[in-house]
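The numbering of the sequence shown is the working numbering, which starts it at 2 and goes up by one.
For glycine and all other residues, C-beta sits at the position ideal for the given N, C-alpha and C.
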Amino acid sequence: MPARKTPSPVTDRAARGVAKRSKAAASGRLAGPIRPAVTAQVDTVPEAVDPETLVEIFRRFHAAEPEPKGELHYVNPFTLLVAVVLSAQATDRSVNLATGPLFAVADTPEKMLALGEERVRDFVRTIGLFNTKAKNVVALSRILVEQHGGAVPASLEALQVLPGVGAKTASVVLNIAFGVPRIAVDTHIFRVSNRIPLFVGTTTDKVQAGLEAIVPDAYRLHAHHWLILHGRYTCKARKPECPRCRIADLCRYPSKTTA
Numbered sequence: 002m003p004a005r006k007t008p009s010p011v012t013d014r015a016a017r018g019v020a021k022r023s024k025a026a027a028s029g030r031l032a033g034p035i036r037p038a039v040t041a042q043v044d045t046v047p048e049a050v051d052p053e054t055l056v057e058i059f060r061r062f063h064a065a066e067p068e069p070k071g072e073l074h075y076v077n078p079f080t081l082l083v084a085v086v087l088s089a090q091a092t093d094r095s096v097n098l099a100t101g102p103l104f105a106v107a108d109t110p111e112k113m114l115a116l117g118e119e120r121v122r123d124f125v126r127t128i129g130l131f132n133t134k135a136k137n138v139v140a141l142s143r144i145l146v147e148q149h150g151g152a153v154p155a156s157l158e159a160l161q162v163l164p165g166v167g168a169k170t171a172s173v174v175l176n177i178a179f180g181v182p183r184i185a186v187d188t189h190i191f192r193v194s195n196r197i198p199l200f201v202g203t204t205t206d207k208v209q210a211g212l213e214a215i216v217p218d219a220y221r222l223h224a225h226h227w228l229i230l231h232g233r234y235t236c237k238a239r240k241p242e243c244p245r246c247r248i249a250d251l252c253r254y255p256s257k258t259t260a
């Protein structure tokens, strides 16, 4: 009989907390208020993976990339906030192309406010919905200057009242800028969570609440990046690249690709 492997300290700590968080997920308890999100079709509904498999999935993500990074360019919490607001319905690449020159001249709320809506619009006109986004960027800059002393608040509630900032944007900023273990669910994470499945939910807010309740503490800080990168480059929407997936043997998706 093969020797039984001794779990690593990280894996052991993670496994001990899974059962308690699973109960929280079942009751719908949230880590913070999340606004209603768009309902989407779930393409498969096998039974979600068991707690031990969940731990192993994130152990592999951690082993492959212990410190995952997002792909939006920023220099401080304010520019991160602006970049995430601009990224709605746009690619990270298109946002980075626009924000490079913008942040070179306006990397604080004060500078952005002084720049004005018309000039901000000129910088971001290559991004979809640029008129509304430019207006929101200037408006949120004004609020930050007048109500927060020019600083980005580290509060979900305070962030969500800013123009152009919803639950997803606020969660991304809290996670990246302030190290708060939030899991902002976009289309990639929604697909991955329902496909493996980690947590099955019909809306992004339900999936966020579920994931934040069951992902082990040891892995929750970076879970957002691991899942979004996995969905973007491996577990793709039209044709997932299952043959090179590091968790293919743990995934319960019934329509895996073979080549």
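Nearest neighbour of residue i, chosen from the options [CA to CA]
i	options	result
Pro217	Ile58, Glu48, Ala49	Ile58
Glu72	Arg233, Ala105, Pro241, Ala152	Arg233
Val56	Val208, Ala210, Leu199, Arg253	Leu199
Ile184	Ile144, Arg221, Val201, Ile248	Arg221
Phe324	Pro67, Glu118, Glu119, Gly150	Residue numbering for the chain in the displayed model covers 2 to 260; residue 324 lies beyond these limits and cannot be assessed.
Leu82	Glu118, Gln161, Phe62, Thr54	Gln161
Pro164	Leu145, Gly211, Pro47	Leu145
Leu228	Arg61, Ser95, Glu118	Arg61
Phe131	Val96, His63, Arg253, Thr235	Val96
Leu87	Ser194, Gly211, Phe124	Phe124
Met113	Val138, Glu53, Thr188	Val138
Val201	Arg253, His74, Arg126, His225	Arg253
Arg143	Glu66, Ala115, Glu158, Thr100	Ala115
Cα-Cα separation between residue i and residue j, rounded to whole angstroms
i	j	result
Ala25	Ala214	Residue placement at Ala25 is flagged as unreliable, the pLDDT there being 43, under the threshold of 50; the coordinate-derived value follows with that caveat. C-alpha separation (whole angstroms): 6 Å.
Val76	Ile177	12 Å
Leu175	Ile190	17 Å
Ser23	Thr259	Confidence at Ser23 is low in this model, with a pLDDT of 46, below 50, so the placement of that residue should be treated as unreliable; the coordinate-derived value is given next. Straight-line Cα distance between these residues: approximately 32 Å.
Cys243	Ala171	32 Å
Thr92	Arg192	17 Å
Thr203	Leu98	34 Å
Leu251	Asp206	25 Å
Lys257	Arg122	44 Å
Thr109	Leu230	29 Å
Gly129	Ala135	11 Å
Gly167	Val181	16 Å
Ala152	Lys240	42 Å
Arg120	Pro255	50 Å
Ala155	Phe179	7 Å
Gly117	Leu103	12 Å
Gln148	His223	31 Å
Ala84	Val50	34 Å
Leu212	Pro69	18 Å
Pro37	Lys169	The predicted position of Pro37 is uncertain, since its pLDDT is 46 and thus under 50; a value taken from the coordinates is nonetheless stated next. Cα to Cα, Pro37 sits roughly 11 Å from Lys169.
Alpha helix (DSSP H) segment containing residue i, residue limits
i	result
Leu157	157-161
His231	218-234
Gln148	131-149
Asp187	First-last for Asp187: undefined, no H or E at that position.
Asp123	118-125
Lys169	168-179
Ile197	Here Ile197 belongs to no alpha helix (DSSP H), and DSSP marks it neither H nor E.
His74	Unbroken run through His74: none, as it is neither H nor E.
Asp93	93-106
Neighbour flag for residue i against chain B, beta carbons, 8 Å
i	result
Gly211	Going by chain labels, chain B is absent from the structure shown, which holds only one protein chain.
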